[in-house]
Structures are given as C-alpha cells and as structure tokens.
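Residue numbers (this note's numbering), protein chains in the order written: chain A, 9 to 349; chain B, 9 to 349.
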DNA sequence: ATATGGTGCGCAAACGTTTGAGTGTTTTTT
DNA sequence: AAAAAACACTCAAACGTTTGCGCACCATAT
C-alpha cells in the first residue's frame, strides 16, 4: 500500500473549494472564514496531510537547509562540532546537509558545487588542510549564499568566521612550560599552509620575547601531522644542538604519536621530556602517558557559534537588510587546561 | 552583486529556442541537432548554468537525499558510521541529511516526520536506546520510504537491517585467550539490563563448554562502564579465588580504565594480565598499553553496508520491481582483531 | 438609494525543470 | 513521384505550493 502523500489540491477538490483557500486556511490567513478553516484542517488531519517541502523549497527559493563541509567526520573535534551544529540548527528548524572533504581540495570544490545545486540556504565550512586555492568559496558570494567558516579558516578578506585564537593559548602553553623551568622548548608545528601553524609560531615567539628569552628558530619544526611525519619531526628536534626538554605539539594526535615514539626511544615522558598540546581530546582520559596540558579549542562551542551566525545572516538576508559591510569575526580564546595525571 | 542563478528559461530566450530544446540539449537527447546542442552547451557554460535541484526534486518526486537518524554524533562508533554513510552516498551521488536523536524517543519521532517532509528518498536509522514504541517507523512504509536500520535495530518483523553479532566475536575472544594458555579468564561485563551484556555472557559460556572447560560464574562481574565501576570490577576479579590471568572487557573504554588502574597496581599489562576487548577504537593507535586484541564491530562497514542496501532498495523501487517480500538482514560477524603492539 | 468598507473566497501566475505528444521540414525508400 | 521515415524542434502539462489581485456578497454609514 504505497498511498502517495495527500496534496493540497486533493483537499480542495474534496471540499469543493480552491487550492488557494486551502493553503490559506492551513496557514490561518485572516481572510478565510472560521467554518471553512475548520473544515480544511479537519480533513487535512484525517488524510494525514503533510506539506511537500520540495514544492515549498522551489516556490520560496529557499530550502531551510544548511550545508556543512568539513574534513573528517570521524575526528573527535569535528564530530563534536557537527553535533553542535545539528543541535543548534534543529532548534531553529533548519536541517543539516553533511559532507566531508577528506582534506581533498578537489573534492571540497565538488562539494561546494553540490551544496550550491542543492540550494542550501547557507554553508558552514572548515577547510581542508591542503586547500590552497579559495576561488570556490568566492563564487558563493555571487549567488548570495552566506558562508561561515569555523576552526580552519581560509586566508580571505571578507568572510565570516569563528575560530579559536591559537596565539593566546600558545602563549599560555609556552609560558606554562617556562614557569616549570624549561628553557629549550621545542615545537612540532603543522604544515606551513595552515593559518593555525602561523598562529602557533607567533604565540611561541611572543611568549619567548615577553619573557626576554631569545628565539631559536631551529626549535620549531614542521610536520604533516601523520605518524611518520611526527617521528621525523621529533628526531629532528632531538638531534638539534639545544635538545629540548619540553615540546609543544600541533595537536593531541601529534602529541600522542610523539609520546609513543619517545617511549620507544626510552625517554621518560613528562620527566625528561614534557609535552603540551592542543585540542584536549577526550581520549586522553583513558591514557597513561599524556601531555601535561592541552589547549582547549571548544569544538562544540565553535560549531554552535558558527551556526548561530549563519542563521542570523539568513534572517537578515530575508529581511532585506543589505548592509553587507559587517563581517562576523568571532574569536574564541583558547585556554590551557592542565591535565590531571 | 547577487546575480540570481541562470535558468534554462533564460538560455532558451537568448538563443530564441524553447526551454524543452535546451533541457534536452543539455541531456544529450538524440532528437536535438548537433549544432543547437553545441550552442546551448556553450552558452550554458558561459552563464555558469547549474540545474536547480529543488525544481528537479519536485518534478521527479525524489530528492537524491537520504536521511540519517542516529543517537549521538560525537560517539566514536557513530561518527565512524556516518563517515562511511557519507562516503558511500557521495559515490552514488546521493546527499546526506543528518540528525541526532540524543536517545530521546520524542525527538526521534519528530525527526522521522521532518525527514518525511523533506522528502528524503530513504532513511538510515540507529534507534535510540530508550525507544520503546516503533509506530513512527511503521508509518514510513505507507509512504513507500525505505528504511534500513543499523547497529541498534528495533524489535520489528519486516525490516531491513545490518547489525553485528557479538556472540561469535566473544567466542573468538575467549578461544584466543584459551589458545594462549589462559585458563582463568575473567570478564568485566556491562549492566545486566543491556542486551549486549547477555550476548557476551553467552559467548563466554559457549567458548568454555566448547573447549570442555567448566564455567566459573564468579569470573564474570558486572560494571556500570564508568571508571570507578571498572576499578571496582577489577578489584573484585583480582580478589577472587581463581585470580584471572586474562580479562575480557565490555568495551575498549572499560579496557583502558582497567589497564590504567592495573598499571597503578604494578601489574605488568599483557604479561601478568592480558586484556581482550570490544570496539577496536581508533584511539588505541595512539597508545602504548592496549588490549592484546579487540572484537571489531566494524562501524564503517556497517554504515557502508546499510547505505548500499538502501541505495539498492531505491534502485529497485525506481525500476518498479514490486517484489517486496525479501528483507535484507545482514549480520556482520564481529571479529577478533589482534592489535599490533 | 448610493457610496463605503469589510468579509470570504477564487483565479492565475510563478518557482525551474522534465517529457509525452505533436508539427513541420527534409531525407530516404519504393 | 508518392509514401514513409527520420529529423529537429515546439507546445503544454505536470510536480505542489504560495500569493497578489480581483470579485462577489452583505452590512453599515451617508
């Protein structure tokens, strides 16, 4: 029994009235009499009428849907963020269209197209770590599809974004290590292409100069965030003239790779070599050797804020306020959290 | 400059031909001449024409979208599953509409309605653990919206599902430990209320009897899956007459709690006390002391299979094959995976 | 009796696309 | 040379909804 859903047209026919009357009756339009309104609602209820959203989408030119593009759903940070996005969107009666780029620039571009074709009302994006061209986002502006970036934001001028300021957190992290007596502090940083990489470096330098210590560039090494890359980076640090007694790593994953490797090298974690990291992943609750502290980046909060902003933009757009001069640039201050061992 | 997207109509007007010709030209319909076809495509390209999906949705009565309802996005199992679902759907050019129930039956019902209104072509569902009524799923059948359940499947008769059988994996796990010479094998099981707890216990007993060993009930203890509960459970096991030399834990989290605690007790992990667990969480890649083996529940595979089935159902539906007698009931055998240390 | 105004509803266009059924030309077949 | 077939394209309906405008009707005020 695959009874096709009831339409407004059928209701109109049964009641012997016009479709427009039915439509208005269902929307409590004042120009419809009480009796007909009741009749319509009663019948609609009996026939289990449900408005066909696709028709409404077409009619209104909007879908009440927001697209989300992020690198990797199974990463703790993003799964937490998407959870927040869905929660927030749901409350405002929006639906979430989801896609992951797997850090593939090409796929990211295709996804933007796809989202555009699906006529999402707006887009939430965390850009892939390899993405180097950003034309595909520019093109969205032409179509008046608002985009809010979160966490991994592109180096573009006029964009809305919410991100975590890594600089403050990094300053805190380095200061924390300095306070604990370390002087040779290494850093395993991310790829040069990422904004976050620069921020961490800046924070590192600022923390050093603030404490009137000279900055040794050889103590900062890049890595591609893979396990092998991390090993290589650690090797490089350990081989440098001023062997570091503490290391700030790009994120918890890198930290754990490094710790695992360091243990293989018979290094006593958090005694001979102390770690501080970013992200504050839940998994460190389950572990023995973990970074002494982590810079929390508040993924849930970021997702929430970004969604709030996007929905706000959509509301303003609807009301035709065309002062497109203001850009939301929300910075959530990262915060160093000391891990209880 | 918010130029509205180009439509087929505009192209037709500029070229002085009809919209149907443009539509057919873009679809390489044989009845359109080569020259017009070229002209159309060229102009469409120049104007950056993108078909309006919402119009196509309405026209074709299908959205090329599948809805996914699951309890909690931020849980590792589900974030891995949703990752698989998105990947698989993307390959077949489907899009994913996402929502989480937070194990709330009421919200789950609302989400089903919402998905229906959005005219998703099909639905993928992992039911909340508190859901006790399943009427909201029944109603989907009337509208001919196929549903495939995965992992957490409801007690309904005629449904498609893919799930994981825990008993086999447990038998393997216990047999694995027996083969390695253990005779006193403990089990830290879950709460008695959970179905999965019973499955594990059954598997344990079957493995023992299969190997003609007597089953000692005192070697199976319950715990509430928290860190403290795990500690208590481990204490209980270690205090029993036949002190176990190996332990099967309800899941990886419990295993890691237990391992962490055992280390505090100066027990040599995987030498004095060997662990086997369930889930095979990715986080063990980052860790030093991990269970020797884990019963893998294949979240990615489950998501993938479920999506494959759903897309298959959709394809068959389109081709009008109305033999709705067959139901997919895929059991993925859980499998013991030895962890490389 | 005529204007005024409110009430309750219908008409038809619009959103952008697909597609079955024509229609007029040209080419091929017999 | 006439009939048949192939070609290239157009018309218009359909998908389900919303909404500006128009129209009839009745009640009240002039």
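We put the CB at the ideal spot given by N, CA and C, even for glycine.
Applying the criterion that 16 or more other CB atoms from any shown protein chain within 10 Å of the CB defines a buried residue, is residue i buried or exposed?
i	result
residue 88(A)	buried
residue 71(A)	buried
residue 9(A)	Confidence is the limiting factor: at residue 9(A) the pLDDT is only 45, short of 50, which leaves the residue's position unreliable, though a coordinate-based value still follows. Counting Cβ neighbours within 10 Å, residue 9(A) comes out exposed, since fewer than 16 surround it.
residue 223(A)	exposed
residue 236(A)	exposed
residue 167(B)	buried
residue 285(B)	buried
residue 57(A)	buried
residue 174(B)	buried
residue 259(A)	buried
Check the Cβ-Cβ distances between residue i and every residue of chain B, and say whether any is below 9 Å.
i	result
residue 258(A)	no
residue 264(A)	yes
residue 84(A)	yes
residue 356(A)	Outside the displayed span of chain A (9 to 349) sits residue 356(A), for which this structure offers no information.
residue 164(A)	no
residue 291(A)	yes
residue 39(A)	no
residue 323(A)	no
residue 103(A)	yes
residue 127(A)	yes
residue 348(A)	no
residue 144(A)	no
residue 299(A)	no
residue 117(A)	no
residue 28(A)	no
residue 235(A)	yes
Could you tell me which chain A residues have their CB closer than 7 Å to the CB of residue i, listed as they occur along the chain?
i	result
residue 65(B)	62
residue 58(B)	124, 125
residue 71(B)	62
residue 91(B)	81, 82, 108
Using a C-beta to C-beta distance shorter than 8 Å, which residues of chain B count as neighbours of residue i?
i	result
residue 378(A)	Here chain A has residues from 9 to 349 only, and residue 378(A) is not among them.
Got a sec: is the Cβ-Cβ distance from residue i to anything in chain A below 9 Å?
i	result
residue 139(B)	no
residue 17(B)	no
residue 271(B)	yes
residue 134(B)	no
residue 296(B)	yes
residue 54(B)	no
residue 9(B)	A caution first: residue 9(B) carries a pLDDT of 44, below 50, which makes its placement in the model too unreliable to give a value.
residue 22(B)	no
residue 267(B)	yes
residue 184(B)	no
How would you list, in chain order, the residues of chain A whose beta-carbon sits under 8 Å from the beta-carbon of residue i?
i	result
residue 343(B)	Going along chain A, no residue has its Cβ under 8 Å from residue 343(B), so there is no contact; the nearest lies around 20 Å.
residue 225(B)	Per Cβ cutoff of 8 Å: no residues; residue 225(B) is ~29 Å from chain A at best.
residue 276(B)	Within chain A, no residue comes near residue 276(B); the closest Cβ sits about 13 Å away, beyond 8 Å.
residue 122(B)	103
Starting from residue i, find everything on chain B with Cβ-Cβ shorter than 9 Å and list it in chain order.
i	result
residue 286(A)	Within 9 Å Cβ-Cβ: nothing; residue 286(A) doesn't reach chain B, min ~15 Å.
residue 335(A)	Within chain B, no residue comes near residue 335(A); the closest Cβ sits about 16 Å away, beyond 9 Å.
Closer than 7 Å by beta-carbon distance: list the chain B residues that pair up with residue i, in chain order.
i	result
residue 88(A)	82
residue 13(A)	151
residue 214(A)	Result: empty, since nearest Cβ-Cβ is about 30 Å, beyond 7 Å.
Counting Cβ pairs closer than 8 Å, one from the stretch 16 to 36 of chain B and one from the stretch 187 to 207 of chain A, do we hit at least three? no
Touch check for the stretch 75 to 87 of chain A and the stretch 122 to 130 of chain A: three-plus C-beta pairs under 8 Å? yes
Between the stretch 131 to 151 of chain B and the stretch 232 to 249 of chain B, are three or more C-beta pairs nearer than 8 Å? no
Every unbroken alpha helix (DSSP H) inside the stretch 269 to 332 of chain A [4 residues or more]: 307 to 326
Output the residue ranges of the beta strand (DSSP E) runs that lie fully inside the stretch 26 to 80 of chain B and measure 3 residues or longer, sorted by chain position. For the stretch 26 to 80 of chain B, whole beta strand (DSSP E) runs of length 3 or above, ordered along the chain, are 73 to 78.
Would you be able to state if there are at least three C-beta pairs under 8 Å between the stretch 263 to 280 of chain A and the stretch 206 to 217 of chain A? No, the stretch 206 to 217 of chain A does not touch the stretch 263 to 280 of chain A.
Runs of 3 residues minimum, wholly inside the stretch 145 to 186 of chain B: which ones carry the beta strand (DSSP E) assignment? The stretch 145 to 186 of chain B contains these whole beta strand (DSSP E) runs: 155 to 158, 168 to 173.
Using 8 Å as the threshold, is the stretch 177 to 186 of chain B in touch with the stretch 307 to 327 of chain B, meaning 3 or more CB pairs across them? no
Should the stretch 312 to 319 of chain B be regarded as contacting the stretch 91 to 101 of chain B, the criterion being three or more beta carbon pairs within less than 8 Å? yes
List, from N- to C-terminal side, the beta strand (DSSP E) runs of 3 residues or more that fit wholly inside the stretch 221 to 261 of chain A. 228 to 230, 254 to 257
Counting pairs of Cβ atoms below 8 Å between the stretch 100 to 112 of chain B and the stretch 127 to 142 of chain B, do you hit three or more? Taking 8 Å as the limit for Cβ pairs, the verdict is that the stretch 127 to 142 of chain B does touch the stretch 100 to 112 of chain B.
Could you tell me whether the stretch 293 to 301 of chain A touches the stretch 260 to 272 of chain A, using the rule of 3 or more Cβ pairs below 8 Å? yes
Counting pairs of beta carbons, one from the stretch 13 to 24 of chain A and one from the stretch 40 to 57 of chain A, are three or more of them closer than 8 Å? Because the criterion of three Cβ pairs below 8 Å is met, the stretch 13 to 24 of chain A and the stretch 40 to 57 of chain A touch.
I'd like the ranges of any alpha helix (DSSP H) spanning at least 4 consecutive residues and lying wholly in the stretch 73 to 133 of chain A. Look at the stretch 73 to 133 of chain A and you find these whole runs of alpha helix (DSSP H), each 4 residues long or longer: 84 to 99, 113 to 125.
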